[in-house]
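Peer 1: Under the numbering used here, think of the first position of the sequence shown as 13, with each following residue one higher.
Beta carbons: idealized from backbone N, C-alpha and C, even for Gly.
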Amino acid sequence: MDIDLIGAGPRGLVAAERLIEWQRQTKQYDHLNLTFIDPYGIGGRVWPVGQPHELLMNTNPDYITLFTDESVQMEGPIVKGPNLYEWAHKQAPAFLFGHQLPNRADLLNEAAALVHNGYASRSLFGAYQRWFYNYLQQRLPDSVSLTLKKEQVVSIRHIEDTHRYLLKTGAHRFQTDAVIMALGHYEDELTDEQQALLNFADENDLHYTAPTQPQEYNFTDLKAGENIILRGLGLSFFDAITMLTQGRGGHFNQAQDGELTYHPSGIEPHIIAGSRRGFPLRAKGRNEKGYGELDQPHFLTPDWFSHYQSTGSLIGSRFIEQVHHEAEYVYYQRLLALKYPQVDADEFLREFVAAKEPSAIVFRSPIVESDYLNWNQLLNPAEFVANSDKPETMADYLQTDVEAALLGTKTGPLTSALEMFRDLRDVVRKVVDNQLLRPEDYRNTFLGQFNNENSYLSVGPPETRIAELRALIQSGIVTLLGPSMMAEADTQTHQFATWSKMKPEERYEASWLIEARLPSVSASHTLNPLIQNLIKEGLGRPERVTMEDGSTFEPGGVDVDMSRNELIDSNGQHRTGLYFWGVPTEGRHWFTTASPRPGVNDNLLRTADATVADLFHTFTSVQ
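1) So what does I241 bridge to, in DSSP terms?
2) Helix, strand or coil, according to DSSP, for L160 in the structure here?
3) Report yes if the CB atom of L148 is closer than 8 angstroms to the CB atom of G297, and no otherwise.
4) Am I right that G88 and W34 are in contact with their C-beta atoms under 8 angstroms? What's the rounded C-beta distance?
5) For D453, name the three-state secondary structure that DSSP assigns.
6) Taking a contact to mean a Cβ-Cβ separation below 8 angstroms, would you say T538 touches D81 in this structure?
7) Once DSSP output is grouped into helix, strand and coil, what is the label at L530?
8) Taking 8 angstroms as the threshold (beta carbon to beta carbon), is L113 in contact with chain B?
9) Considering only C-alpha positions, which residue in the set S133, F79, L46 and A117 is nearest to V58?
10) For E5, is the classification buried or exposed, using 16 other Cβ atoms within 10 angstroms of its Cβ as the cut-off for buried?
11) Throw me the rounded Cβ distance for the A528 and A252 pair, which I believe falls under 8 angstroms.
12) Quick check on the DSSP output: the alpha helix (DSSP H) that includes W59 runs from which residue to which?
13) Tell me the DSSP bridge mates of G110?
14) If you draw a straight line from the C-alpha of T13 to the C-alpha of S155, how long is it?
15) To the nearest angstrom, how far is it from the Cα of N216 to the Cα of P516?
16) CA-CA distance, R482 and A416?
17) Residue range of the alpha helix (DSSP H) that W99 falls in?
18) Under the assumption that I49 contacts L152 (Cβ atoms under 8 angstroms), give the Cβ distance between them as a whole number of angstroms.
19) Classify A479 as buried or exposed, calling it buried when 16 or more other Cβ atoms lie within 10 Å of its own Cβ.
20) What distance in whole Å lies between the Cβ atoms of Y177 and H184, which are believed to be in contact at a cut-off of 8 angstroms?
21) Look at the alpha carbon of A139 and the alpha carbon of W99, and state the distance between them as a whole number of angstroms.
22) Using 8 angstroms for Cβ pairs, my map puts T181 next to V166. What's the rounded Cβ distance?
23) Which same chain residues end up closer than 7 angstroms to Y229 when comparing Cβ atoms and leaving out the 5 residues on each side of it in sequence?
24) Compare the Cα-Cα distances from K548 to each of A535, M498, L160 and E560 and report the closest residue.
25) Would you call the region 379-391 in contact with the region 341-357, where contact means no fewer than 3 C-beta pairs closer than 8 angstroms?
26) Excluding the five sequence neighbours on either side, which residues of its own chain have a C-beta within less than 6 angstroms of the C-beta of L672, listed in chain order?
27) If you count every other CB in all the chains shown that lies within 10 Å of the CB of K513, and 16 or more means buried, which is it?
28) Check whether the Cβ atoms of F137 and L96 sit closer than 8 angstroms, and answer yes or no.
29) Please name the residue, chosen from R289, V84 and S83, that lies closest to Y468 on a Cα-to-Cα basis.
30) Please report the straight-line C-alpha distance between A295 and P473, rounded to a whole angstrom.
31) Name the residue from N583, P608 and S575 whose alpha carbon lies nearest to the alpha carbon of A4.
32) Confirm, please, whether the CB-CB distance from F565 to R11 is below 8 angstroms.
33) Along the alpha helix (DSSP H) that carries I327, what are the first and last residues, could you check?
34) Relative to the alpha-carbon of R260, which residue among I327, A236 and V91 has its alpha-carbon at the smallest distance?
35) Do L44 and L17 come within 8 angstroms of each other at the CB atom, strictly closer than that value?
36) Considering only the alpha carbon of each residue, which of D435, P531 and K422 lies closest to P309?
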């Protein structure tokens, strides 16, 4: 039995582990030949060990694993192993010392100093994945082989006579019985605006970077003190400013009161950045939760799901309202413990859950209005923070964000409330997977409003990055524009220009413009040659959702069977032996970018085992 795994990042590695352990348990095949195919090698494009070591993960190392555990509801065998934090202190020293990896000295120092609930470098997670691949090699029974090809698959063709598949890379062709594709983000065709900006850059000897992986930004030719425009204030923005400051030799000092001061190396550029909202993502809260610990839902309960599955479509606004109530429940639970000990919290929370309008319970409580959880203020800070382009104003805002995050995910009211968006991820996936939302609400409310809220409030950087941004703004290295950032090619100055719509008179010019965000997921517009080939040959298709008026729209992802992750071909049929999961299915699935987390019945681990289970049940007689 030959199985090829396209993509050697976390998903591919977990799938390989499941294949090996299923074969160890069942001994189903005389021989199982597993082949990883990834041009970037183990870790894939996102997790190379040699990327800038100053780039951090935005998830605690205690929350990162590649191993199953007793919480995972699956058919296959449970095989436990160390999470990233445990590995750093147990297996990492010997592995790192025994292998000639990039950043080895830095990784050894980092592993020794890594603390619970801290943040590991992306390089260290890449090294963990390298170790995991070695671990898999050592776990192989005699009936299994595991190899790696550093190539890119550009096409797959079904061989009718043998029911096998022919894979083609730039250099080789080979046949296989089944394929598990675990691809990541890939560049898209340029929009008209992006193409115009790129053409302008070429004509005027400027530098323009379309959405891509931030660790691949090339700032080699950017001079000290030169202006650079970053469009976007998300995670890619934080990566960029980190590489342009700490990556160029600058450092931060922390005073006794926690205040950070930036000490420049003298070779930093001047960074001008902004976005439509004009405010960076909210900081991740200081983690206080233990292994497998989640706040449980009180509104999006099994009974709630049963009601909507039996009665029909769920209205989008009602869904978001319920998610808000879940966050509010946690917020007021923590708030009462912190500031209102005279209030009977248990009675308050019981009434809050039972009320037709939970806000009424808050209004008639002793909680003062300034302590209410104000969604409009959270999501639209520009309406409440005037002159956010002023360094002192933004510094105050960022300081408040840091202080809230440092209160912790079991103590801080706001931090705990925003953490609820993360704790609810599997619940939200059930809404998507069971297609409870009406098509119009799925497109407009879920993919629009809810995804925007979730991204802004719950997937931000560590609070240290927010504190660092504050220091960089105060030092003058970073200038944040006000809301409604604009950027254009200025044909008079032959430079890129940027400004805020709020203050159009304050324009900045630069020779550099970076789209500081990842490419969107779009099966119809991706430049990934394999996905393009699958669609062209009819082995796959973009997902399309039919609206009530008969029109259709594409959420972005490749269409797959929801339970088995088999590709759906152009005729709507399952393609036996072609499994496809991960980022390019975003839209069909939801929030496909997270790495596996131990102790929480993790969705990625469940999906990997279910995919392998289907493969073993389907291919029962291949030798």
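Peer 2: In short:
1) Indexing the sequence shown from 1 puts residue 241 at position 229. For I241, which the question treats as bridged, DSSP gives the partners I284 and L525.
2) Looking up residue 160 in the sequence shown gives position 148. Strand, per DSSP.
3) Reading the sequence shown from its first residue, position 136 is the one you call residue 148. Reading the sequence shown from its first residue, position 285 is the one you call residue 297. No, these two residues do not count as a Cβ contact at 8 angstroms.
4) On the sequence shown, residue 88 is found 76 positions in, with the first residue counted as 1. On the sequence shown, residue 34 is found 22 positions in, with the first residue counted as 1. The pair is a contact, with the Cβ atoms about 5 angstroms apart (cut-off 8 angstroms).
5) For the purposes of this step, residue 453 is taken as the residue at position 441 of the sequence shown. DSSP places D453 in helix when its eight states are reduced to three.
6) In the sequence shown, residue 538 corresponds to position 526, counting from 1. In the sequence shown, residue 81 corresponds to position 69, counting from 1. The Cβ atoms of T538 and D81 do not sit closer than 8 angstroms to each other.
7) Taking the sequence shown and counting its residues from 1, the one referred to as residue 530 is at position 518. It is coil, neither helix nor strand.
8) In the displayed structure, chain B is absent; only one protein chain is listed.
9) Counted from its first residue, the sequence shown places residue 58 at position 46. Checked all of S133, F79, L46 and A117; the closest Cα to V58 is S133.
10) Lying outside 13 to 635, the shown extent of the chain, residue 5 is not represented and no answer is given.
11) Along the sequence shown, read from residue 1 onward, the residue named residue 528 stands at position 516. Along the sequence shown, read from residue 1 onward, the residue named residue 252 stands at position 240. A528 to A252, Cβ: 5 angstroms. Contact.
12) Looking up residue 59 in the sequence shown gives position 47. No alpha helix (DSSP H) holds W59; DSSP gives it neither H nor E.
13) Translated into positions along the sequence shown, residue 110 becomes position 98. According to DSSP, which records beta bridges pairwise, G110 is partnered with nothing at all.
14) Counting from 1 along the sequence shown, the entry for residue 13 is found at position 1. Counting from 1 along the sequence shown, the entry for residue 155 is found at position 143. Going by the sequence as given, residue 13 is Met instead of Thr. When rounded, the distance between both Cα atoms is 10 angstroms.
15) For the purposes of this step, residue 216 is identified with residue 204 of the sequence shown, where counting begins at 1. For the purposes of this step, residue 516 is identified with residue 504 of the sequence shown, where counting begins at 1. Cα-Cα distance, rounded: 24 angstroms.
16) As a first step, residue 482 must be located in the sequence shown, where it is residue number 470. As a first step, residue 416 must be located in the sequence shown, where it is residue number 404. Taking the straight line from one Cα to the other gives about 15 angstroms.
17) The sequence position of residue 99 within the sequence shown is 87, counting from 1. From DSSP, the alpha helix (DSSP H) with W99 extends over L96 to H101.
18) By one-based count along the sequence shown, residue 49 stands at place 37. By one-based count along the sequence shown, residue 152 stands at place 140. Taking the Cβ atoms as the reference, I49 lies roughly 18 angstroms from L152, outside the contact range of under 8 angstroms.
19) Translated into the one-based positions of the sequence shown, residue 479 becomes position 467. Classification for A479: buried.
20) In the sequence shown, residue 184 corresponds to position 172, counting from 1. In the sequence shown, residue 177 corresponds to position 165, counting from 1. 14 angstroms between Cβ atoms; not a contact.
21) Taking the sequence shown and counting its residues from 1, one reaches residue 139 at position 127. Taking the sequence shown and counting its residues from 1, one reaches residue 99 at position 87. A139 and W99: Cα-Cα distance of roughly 10 angstroms.
22) Numbered from 1 along the sequence shown, position 169 holds the residue referred to as residue 181. Numbered from 1 along the sequence shown, position 154 holds the residue referred to as residue 166. Confirmed, about 6 angstroms.
23) Within the sequence shown, the letter at position 217 stands for residue 229. Only T221, A252, M255 and I526 meet the Cβ criterion.
24) Position 536 of the sequence shown, counted from the first residue, corresponds to residue 548. If we check each option's Cα against that of K548, A535 comes out closest.
25) The region 379-391 vs the region 341-357: in contact.
26) Only positions 13 to 635 of the chain appear in the structure, and residue 672 is not among them; the question remains open.
27) Translated into positions along the sequence shown, residue 513 becomes position 501. Exposed, because fewer than 16 other Cβ atoms sit within 10 Å of the Cβ of K513.
28) Stepping through the sequence shown from its first residue, residue 137 is reached at position 125. Stepping through the sequence shown from its first residue, residue 96 is reached at position 84. Cβ distance < 8 angstroms, so F137 and L96 count as in contact.
29) Looking up residue 468 in the sequence shown gives position 456. Just measuring C-alpha positions, the residue of R289, V84 and S83 sitting nearest Y468 is R289.
30) On the sequence shown, residue 295 is found 283 positions in, with the first residue counted as 1. On the sequence shown, residue 473 is found 461 positions in, with the first residue counted as 1. The alpha-carbon of A295 is positioned some 5 angstroms away from that of P473.
31) The requested residue 4 is not part of the displayed model; the chain covers only 13 to 635.
32) The requested residue 11 is not part of the displayed model; the chain covers only 13 to 635.
33) On the sequence shown, residue 327 is found 315 positions in, with the first residue counted as 1. Looking at the DSSP string, I327 is not in any alpha helix (DSSP H), and its letter there is neither H nor E.
34) For the purposes of this step, residue 260 is identified with residue 248 of the sequence shown, where counting begins at 1. From the listed residues I327, A236 and V91, the smallest Cα separation to R260 is found for A236.
35) In the sequence shown, residue 17 corresponds to position 5, counting from 1. In the sequence shown, residue 44 corresponds to position 32, counting from 1. No, they are not a contact pair.
36) The residue you call residue 309 lines up with position 297 of the sequence shown. Closest option to P309, Cα to Cα, is D435.
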